[in-house]
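First the structure, in the form of structure tokens, and then the observations on it.
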Amino acid sequence: MTNEELLAKIGQSTGGEETEFYTPMPQGYRKGHHKYVIVVGTVMSGLGKGIFSSSLAKLMKDKGLVVAPIKMEGYLNIDSGTLNPYRHGEVFVLDDGMETDMDLGTYERLLDINLSASNYTTNGQILSGVLKKEREGGYLGRDVQVIPHVVGEVKLRLRELAAKTNADVIFVEVGGTVGDYENSFYLEACRQLAYEEGEGSVIFVALTYVLEPGALGEQKSKAAQLGIKRLMEVGIMPDIIACRASNPVKDKVREKISMYTNVPMKRVVTMHDVESIYTIPEALRDAGMDREVLKMLDLHDRVDTRVEDHARMNWRWFTDRIGKATKDVTLAVTGKYTSLRDAYASIIKAGEHCGVHLGVNVNFKWLDTTAIDPANVVKRLGDCHGIIVPGGFGVRGTEGKIECIRYAREAKVPYLGLCLGFQMAVIEYARNVVGIADANSTEFAPGCRNPVIDILPEQKKIEGLGGNMRLGGKDVLVKPNTLASRLFNNAEKIRLRFRHRYEVDPKYVPQLEEHGMIFSGKAPDYPIMQILELSQEVHPFFIGTQAHPELTSRPLTPQPLFIGLVKAAMAYAESGASKREKQPV
Ligand code: GLN
Numbered sequence: 012m013t014n015e016e017l018l019a020k021i022g023q024s025t026g027g028e029e030t031e032f033y034t035p036m037p038q039g040y041r042k043g044h045h046k047y048v049i050v051v052g053t054v055m056s057g058l059g060k061g062i063f064s065s066s067l068a069k070l071m072k073d074k075g076l077v078v079a080p081i082k083m084e085g086y087l088n089i090d091s092g093t094l095n096p097y098r099h100g101e102v103f104v105l106d107d108g109m110e111t112d113m114d115l116g117t118y119e120r121l122l123d124i125n126l127s128a129s130n131y132t133t134n135g136q137i138l139s140g141v142l143k144k145e146r147e148g149g150y151l152g153r154d155v156q157v158i159p160h161v162v163g164e165v166k167l168r169l170r171e172l173a174a175k176t177n178a179d180v181i182f183v184e185v186g187g188t189v190g191d192y193e194n195s196f197y198l199e200a201c202r203q204l205a206y207e208e209g210e211g212s213v214i215f216v217a218l219t220y221v222l223e224p225g226a227l228g229e230q231k232s233k234a235a236q237l238g239i240k241r242l243m244e245v246g247i248m249p250d251i252i253a254c255r256a257s258n259p260v261k262d263k264v265r266e267k268i269s270m271y272t273n274v275p276m277k278r279v280v281t282m283h284d285v286e287s288i289y290t291i292p293e294a295l296r297d298a299g300m301d302r303e304v305l306k307m308l309d310l311h312d313r314v315d316t317r318v319e320d321h322a323r324m325n326w327r328w329f330t331d332r333i334g335k336a337t338k339d340v341t342l343a344v345t346g347k348y349t350s351l352r353d354a355y356a357s358i359i360k361a362g363e364h365c366g367v368h369l370g371v372n373v374n375f376k377w378l379d380t381t382a383i384d385p386a387n388v389v390k391r392l393g394d395c396h397g398i399i400v401p402g403g404f405g406v407r408g409t410e411g412k413i414e415c416i417r418y419a420r421e422a423k424v425p426y427l428g429l430c431l432g433f434q435m436a437v438i439e440y441a442r443n444v445v446g447i448a449d450a451n452s453t454e455f456a457p458g459c460r461n462p463v464i465d466i467l468p469e470q471k472k473i474e475g476l477g478g479n480m481r482l483g484g485k486d487v488l489v490k491p492n493t494l495a496s497r498l499f500n501n502a503e504k505i506r507l508r509f510r511h512r513y514e515v516d517p518k519y520v521p522q523l524e525e526h527g528m529i530f531s532g533k534a535p536d537y538p539i540m541q542i543l544e545l546s547q548e549v550h551p552f553f554i555g556t557q558a559h560p561e562l563t564s565r566p567l568t569p570q571p572l573f574i575g576l577v578k579a580a581m582a583y584a585e586s587g588a589s590k591r592e593k594q595p596v
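Counting from 12, one number per residue, gives the positions in the sequence shown under the working numbering.
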């Protein structure tokens with residue numbers, strides 16, 4: 012059926028005065044080919060909709076299907092760039108520079124694909140799209156309304172993603188919880204989409220929560236039932252119910268949920284807490300979810316079992332090794348947001364990937380650097396086998412970070428600087444090795460006399476927050492015969508992801524190099540320093556990057572800089588050096 016025929020069938024047009032419908036269709040859209048799995052949350056947020064959605068998407072991708080996830084956020088911000096990681100978790104930057112929610116990191120890691128701006132939308136994007144069209148006269152004289160125009164825009168976004176990626180299945184994660192004002196028009200759009208696409212094209216998954224109050228010692232399903240009822244009130248019948256819980260959900264409880272929701276038992280699945288999220292795809296497969304999805308969406312014919320066997324074998328190699336390591340290393344992470352681990356989700360994941368590949372438990376010790384000074388740095392860091400200074404903004408704790416880096420450099424503790432941690436390493440070296448005592452960054456000391464870190468020249472004119480950062484994937488030229496080159500297997504050009512406003516002032520580069528700092532990664536077209544290191548003749552592992560390599564670590568392909576750090580930390584732990592360093596110096 013062509014799109015025109017579809018529209019005729021359901022009595023719709025793309026808009027205009029005569030009709031109440033508003034269903035614009037993108038070019039290249041293949042009605043009936045693209046299927047949708049829509050994941051919504053009930054009872055409470057933070058249940059791991061992204062984890063469920065990406066795990067199910069992985070099962071489908073591993074069968075040789077083309078999948079495309081999209082996260083639809085309820086907030087009015089256009090992107091996540093201005094969100095405080097302390098409140099909202101880390102800002103995950105995509106290759107095309109889009110600043111998104113940390114859930115997009117989960118999708119990239121589980122699906123092993125690079126996503127783009129079309130995999131992420133917010134209320135702000137949808138509404139500003141509508142307002143722009145209104146100004147351009149795009150609504151042919153109609154009064155512009157939430158229904159049909161705003162929901163029409165949401166459906167258009169979903170169909171555009173389908174057409175652009177030619178996806179077999181689009182996994183739609185609706186942010187927030189059913190009943191929130193913020194996501195109500197997303198739900199209405201999805202309901203309409205299901206109606207328009209027709210039977211066998213759209214399924215709904217409700218994630219819910221089964222309580223187990225300590226005082227009762229048993230699982231209770233009432234909250235889950237009420238949550239799903241709320242979904243039914245907006246005209247959506249779930250096809251699958253995933254029950255989050257601390258412990259495996261009992262059959263009796265699943266039966267009750269099934270009875271009250273019309274969802275057969277085989278599609279009411281337990282999704283209890285597990286040690287590693289990477290085991291969830293197989294758990295869902297064991298519960299038969301993949302077959303149910305194939306059946307409901309009539310996708311059996313598109314499955315390639317050879318692709319699936321291969322993908323499962325590789326994945327099992329990884330998951331079988333989780334939690335089996337017998338060795339331990341501890342990496343210190345110095346950061347402002349140490350009270351909220353979500354702010355450093357990708358670093359934790361990168362460590363986990365390396366740990367599995369190298370057979371070691373990578374533990375993190377979180378340090379608030381506002382409390383670190385020359386007198387206590389050895390005491391605080393002496394038991395760590397490696398040090399990471401991660402990305403960050405603002406002056407708070409920066410002197411403590413410099414102290415940590417000095418300690419790492421002098422005591423020869425493996426060091427990895429990420430973005431701000433790269434800039435801090437330059438400042439530390441300039442001050443303590445080159446002898447520029449007042450070296451600093453204009454981010455922290457606007458009027459300083461020696462700003463070794465300064466704002467990017469081409470961006471000096473742009474003011475205000477948001478929109479003036481160097482963002483996204485960029486090529487990096489790697490200098491041969493360096494630590495960086497060895498870590499990246501002698502590659503001459505690599506790609507890393509960036510999110511920064513400041514950089515090394517090229518004016519200071521000759522001085523820094525004369526004193527032994529090696530800039531082993533540079534931008535191809537501008538004198539932007541991207542990787543620094545010390546010669547392995549003077550330090551076993553001291554490296555920093557202006558990029559965020561943690562964002563591109565994947566379970567089966569851990570990020571080389573992290574692999575280098577963890578290997579060096581293992582060697583450091585074996586040498587017993589950390590114990591020696593614990594003694595007061
Ligand atoms: N604040 C620094 C800059 O803007 C570092 C940014 C970061 O660590 N992501 O350049």
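Yeah, the Cβ is synthetic: ideal placement off N, Cα and C, and Gly gets one too. As the structure is a computational prediction, the values presented were derived from the model and not from experiment.
8 Å Cβ cutoff met for residue i and residue j
i      : j      : result
ALA450 : ILE438 : yes
ILE383 : GLY405 : no
ASP107 : SER139 : no
VAL577 : VAL373 : yes
ALA495 : ILE542 : yes
PRO37  : LEU167 : yes
LEU122 : ALA68  : yes
GLY555 : LEU369 : no
THR188 : SER287 : no
LEU523 : TYR440 : yes
PHE573 : GLY362 : yes
VAL48  : PHE182 : yes
ALA336 : VAL371 : yes
LYS557 : PHE433 : According to the sequence provided, residue 557 is Gln. The question's Lys does not apply to it. Contact flag set, yes.
VAL340 : HIS396 : yes
Assigned exposure category for residue i - 16 Cβ within 10 Å defines buried
i      : result
GLU474 : Its pLDDT being 46, under 50, GLU474 is placed unreliably in this model, and the coordinates cannot settle the point.
MET282 : buried
GLU503 : exposed
ASN273 : exposed
HIS160 : buried
LEU76  : buried
ARG41  : exposed
SER64  : buried
LYS360 : buried
LEU210 : With the sequence shown as reference, residue 210 is identified as Glu, and Leu is not the correct amino acid for it. By the 10 Å Cβ count, GLU210 comes out exposed.
MET581 : buried
GLU110 : buried
ARG508 : buried
SER257 : exposed
ILE158 : exposed
TYR355 : buried
VAL400 : buried
GLU585 : exposed
The ligand GLN heavy atom lying under 7 Å from the CB of residue i
i      : result
ARG512 : yes
GLU561 : no
GLU454 : yes
CYS430 : yes
GLY402 : yes
beta-carbon residue i near the ligand HEM non-hydrogen atom, thresh 7 Å
i      : result
GLN434 : What this structure holds is the ligand GLN, not the ligand HEM.
Start and end residues, beta strand (DSSP E) containing residue i
i      : result
ALA217 : 213 to 220
ASN372 : 371 to 378
VAL549 : That residue, VAL549, is in no beta strand (DSSP E); it is neither H nor E in DSSP.
GLU84  : 78 to 84
Endpoints, the alpha helix (DSSP H) within which residue i is located
i      : result
HIS160 : Taken as a continuous stretch (DSSP letters only), HIS160 belongs to no alpha helix (DSSP H), as it is neither H nor E.
ASP306 : According to the sequence displayed, residue 306 carries Lys and not Asp. Counting along the chain, the alpha helix (DSSP H) containing LYS306 begins and ends at 300 to 307.
ARG296 : 291 to 297
GLU199 : 195 to 208
Below-8 Å beta-carbon distance, residue i vs any chain D residue
i      : result
LYS485 : Absent from the structure: chain D. Only one protein chain is present.
Which whole runs of the alpha helix (DSSP H) in the stretch 389 to 461 are 4 residues long or more, in chain order? 409 to 421 and 431 to 440
Hey, which unbroken runs of the beta strand (DSSP E) at 3 residues or more fall wholly within the stretch 243 to 268? 251 to 256
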